[in-house]
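The structure appears right after this line, and notes come after that.
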Amino acid sequence: MSKMTGRGATGNATSRRFNLPEHEADGDWLDQRPLIDGEPPKLRTSVTVVKSRTILTRNSSPDVPFSQSINAYGGCEHGCIYCFARPTHAYHDLSPGLDFETRLFAKPDAAALLRVELAKPGYAVTPIALGTNTDPYQPIEQQWRITRQILEVLAETDHPVTITTKSDRVVRDLDILAPMAAKGLATVCVSVTSLDARLSRTVEPRAPTPERRLAAVAKLAAAGVPTYVSIAPVIPAITDHEIEHLVARAAEAGARHAFFIPVRLPHEVAPLFRAWLDTHFPDRAGKVMAIIQSLRGGRDNDPGFFTRMKGQGPWAELLRVRFHRACRLHGLNRDRPMLDTSRFRPPKGPQGELF
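The opening residue of the sequence shown carries number 83 in the numbering used here; numbering runs sequentially from there.
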């Protein structure tokens, strides 16, 4: 199978769960070009506007530490091959493969819809999580600025927020995040899965380099923003040897907390990941999948609450011991910042006055 330059998935097969047809090229001449020097043409990114009626997503999963979230975008240009959100593209009749990376959705009305939600009588304040499905700071945020607009509403209303990203673009919003953090209203989690820039280009082809992400951690911490580093996912026989070094670099950059999650392969992610292994790591593909299955009760994926985030068996226990020892050594996870929900005040303006 050929490599697609600058993209994570090696193919674009449509999910069979919903009996949808396979997607073909759209007929544009750029998509019809023959291979150039043995490589397929680069795929361009398109963005479709989504008109939502509501913007908050409620969550009741017992192993997820937030109850409401906002996803400003659908799909993610970073192209991380392991992304658990890939199957969501099947609901749009699109492929969780290359479509997920190239055919994106944006919600430009998100901030206005959030104002309406926050102004509703009886609204119960709990931290809003950004970046729970796809990255709020992927490349298209530079033009669309939807995440920034959401943060402006949250800052105006003193509403707590948590952000998860693997992009240093988050520091562009430090002018909002730093004052919020000073009030106990904001935390940021930066995902760093490997310190190997070459590997990172393969597994997360359009995400910023590991060093840029660690530099972002340092800037966030220096600005007083409580900052986590997420070593997620840990890929056995590919990135697991870096756990101790990643924890050390996170602490050096000023992170106060860290966590890790073994790689998860739900639904269509498993065949995409297998194809990626066959293309980029044919020498160890079988070994990688054997270890993953040992972590997941003999399957490619374990969807069970709690075990899905931790894994099971000797490999999972070894990862936990190594990680916790490294955190103790470097002084991470000694406390846990609690976000302040008492400052919230409903938004003012036309949207708020409707209620």
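All residues carry an ideal CB built from backbone N, CA and C; glycine is no exception.
Simplified DSSP state of residue i, which is helix, strand or coil
i: Ala298; result: helix
i: Thr170; result: helix
i: Val146; result: coil
i: Ala332; result: helix
i: Arg115; result: A caution first: Arg115 carries a pLDDT of 39, below 50, which makes its placement in the model too unreliable to give a value.
i: Ala319; result: coil
i: Arg140; result: strand
i: Thr361; result: helix
i: His241; result: coil
i: Pro344; result: strand
i: Ser282; result: helix
i: Val307; result: coil
i: Ser249; result: coil
i: Ser276; result: coil
i: Val370; result: helix
i: Ala314; result: strand
i: Thr423; result: coil
i: Ala289; result: coil
i: Gly109; result: Only weak support is given to the placement of Gly109: the predicted model assigns it a pLDDT of 32, under 50, and the value that follows is read from those uncertain coordinates. Of the three classes helix, strand and coil, the one that applies to Gly109 here is coil, per DSSP.
i: Val270; result: strand
i: His349; result: coil
i: Val132; result: coil
i: Glu104; result: Residue placement at Glu104 is poorly supported in this model, since its pLDDT is 48, which falls under 50; the coordinates still yield a value, given next. It is coil, neither helix nor strand.
Cβ-Cβ distance between residue i and residue j below 8 Å
i: Leu212; j: Ile228; result: no
i: Arg356; j: Arg390; result: no
i: Ser143; j: Leu195; result: no
i: Pro209; j: Thr244; result: yes
i: Leu186; j: Val129; result: yes
i: Thr216; j: Cys158; result: yes
i: Leu377; j: Gln394; result: yes
i: Pro429; j: Ala268; result: no
i: Thr315; j: Pro287; result: First, the residue type needs correcting, since residue 315 is Pro and not Thr in the sequence shown. No, Cβ-Cβ distance for Pro315 and Pro287 is not below 8 Å.
i: Glu199; j: Leu296; result: no
i: Glu399; j: Pro178; result: no
i: Lys369; j: Ala319; result: yes
i: Glu234; j: Ala193; result: yes
i: Leu125; j: Leu180; result: yes
i: Arg230; j: Asp191; result: no
i: Ala330; j: His412; result: yes
i: Phe387; j: Asp145; result: yes
i: Pro218; j: Ala167; result: no
i: Leu440; j: Ile317; result: What the structure shows of the chain is the stretch from 83 to 437, and residue 440 is not part of that stretch, so it cannot be assessed.
8 Å contact criterion, which residue i and residue j should meet: CB distance rounded
i: Pro348; j: Pro221; result: Incorrect: roughly 25 Å between the Cβ atoms, too far for contact.
i: Arg404; j: Glu326; result: 7 Å
i: Asp322; j: Leu401; result: 7 Å
i: Lys367; j: Leu354; result: The sequence as given places Ala at residue 367; Lys does not occur at that position. Ala367 to Leu354, Cβ: 13 Å. No contact.
i: Val132; j: Gly156; result: 7 Å
i: His160; j: Ala298; result: With a Cβ gap of about 15 Å, His160 and Ala298 do not count as contacting.
i: Val285; j: Cys162; result: 7 Å
Short CB-CB distance (under 8 Å) between residue i and chain D
i: Val252; result: The structure shown has no chain D; it contains just one protein chain.
Segment contact, 8 Å Cβ cut-off, at least three pairs: the region 300-313 with the region 248-265: yes
Cβ contact check for the region 332-345 and the region 394-410: 3 or more pairs under 8 Å: yes
Cβ pair count under 8 Å reaching 3, the region 268-285 against the region 248-255: yes
Contact between the region 236-244 and the region 419-431 (3+ Cβ pairs under 8 Å): yes
Any alpha helix (DSSP H) of 4 or more consecutive residues that is wholly inside the region 154-232: 180-184, 192-201 and 223-226
Meets three-Cβ-pair contact criterion under 8 Å: the region 367-386 and the region 328-335: no
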